[in-house]
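**Q** Below is a structure I'd like to ask you about.
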Amino acid sequence: MASEKLKKHIYDDFDREMIALLKRDGRAPVAKMAEILDVSRGTVQNRMDRLLHSGALLGFTARVREDYEDGGIRAIMMIEISGKNTTQVITRLRGIPELQRVHTTSGKWDLVSEIQVENLADFDRVLREVRMIDGIENSETSMLLTTI
């Protein structure tokens, strides 16, 4: 439904500039945004309401540095699926809470998963658990070290 709303609305440069500001600071006050964009507060509020209603903006959130959680281990796992097992594999992967996100992709790998665990023992357990899923042909995992 949100995609239908997006198709009906044409976004202009002002919309894109406002979205860029909100991406940098989702908590920016309307008055500050109006000052930066050199328009009235009412204009900013009306556009923000329209962007929310159209589905272009889904909400506002705090951004946290990826390395904020000390001691955690983050990794990316690329997964190759055999045959027509994609739906079953995705269902099983969704049941593993340490997989923060699972993305479909093009190219050599069928899926890419973001892993977040507390320690190496959990990391090892998650890797084994994923690799034991019927339909997973191959995987490759890279630990994320430093965010730059």
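Numbering (our numbering), first residue to last: 1 to 148. For every residue, glycine included, the Cβ atom is placed at its ideal position computed from N, Cα and C.
#1: Between V126 and I115, which are expected to be in contact by the criterion C-beta below 8 Å, what is the C-beta distance as a whole number of angstroms?
#2: Just to confirm the assignment, what range does the alpha helix (DSSP H) spanning T141 have?
#3: Once the 5 residues before and after N85 are set aside, which same chain residues still bring their CB inside 6 Å of it?
#4: Would you kindly report the start and end of the unbroken alpha helix (DSSP H) that includes S54?
#5: Does DSSP put E80 in a helix, a strand or coil?
#6: Can you tell me whether M18 is buried or exposed? The criterion is at least 16 other CB atoms within 10 Å of its CB, across all chains shown.
#7: Please identify the residue among L51, I148, A28 and V130 whose C-alpha is closest to the C-alpha of E80.
#8: Just mark D49 as buried or exposed, buried being the case when its beta carbon has 16 or more other beta carbons within 10 Å.
#9: Compare the C-alpha of S113 against each of G83, V44, G59 and V89 and name the closest.
**A** According to the structure shown:
#1: To locate residue 126, count along the sequence shown from 1; it is residue 126. To locate residue 115, count along the sequence shown from 1; it is residue 115. With 8 Å as the limit, V126 and I115 qualify as a contact, their Cβ atoms being about 6 Å apart.
#2: For the purposes of this step, residue 141 is identified with residue 141 of the sequence shown, where counting begins at 1. Secondary structure note for T141: it is in no alpha helix (DSSP H), and the uninterrupted beta strand (DSSP E) holding it is I136 to L144.
#3: Here the question's residue 85 lines up with position 85 in the sequence shown. Counting only Cβ-Cβ distances below 6 Å, and skipping sequence neighbours, we find G135.
#4: Locating residue 54 in the sequence shown gives position 54, counting from the first residue. The continuous alpha helix (DSSP H) containing S54 extends over residues R41 to S54.
#5: The residue you call residue 80 lines up with position 80 of the sequence shown. If DSSP states are grouped into helix, strand and coil, E80 belongs with the strands.
#6: Locating residue 18 in the sequence shown gives position 18, counting from the first residue. Within a 10 Å sphere around the beta-carbon of M18 sit 16 or more other beta-carbons, which makes this residue buried.
#7: Your numbering for residue 80 matches position 80 in the sequence shown. Of the candidates L51, I148, A28 and V130, V130 places its Cα closest to the Cα of E80.
#8: Reading the sequence shown from its first residue, position 49 is the one you call residue 49. By the neighbour-count rule (16 or more Cβ atoms within 10 Å), D49 is not buried but exposed.
#9: Start at 1 with the first residue of the sequence shown, and residue 113 comes out as number 113. Minimum Cα distance to S113 is reached at V89.
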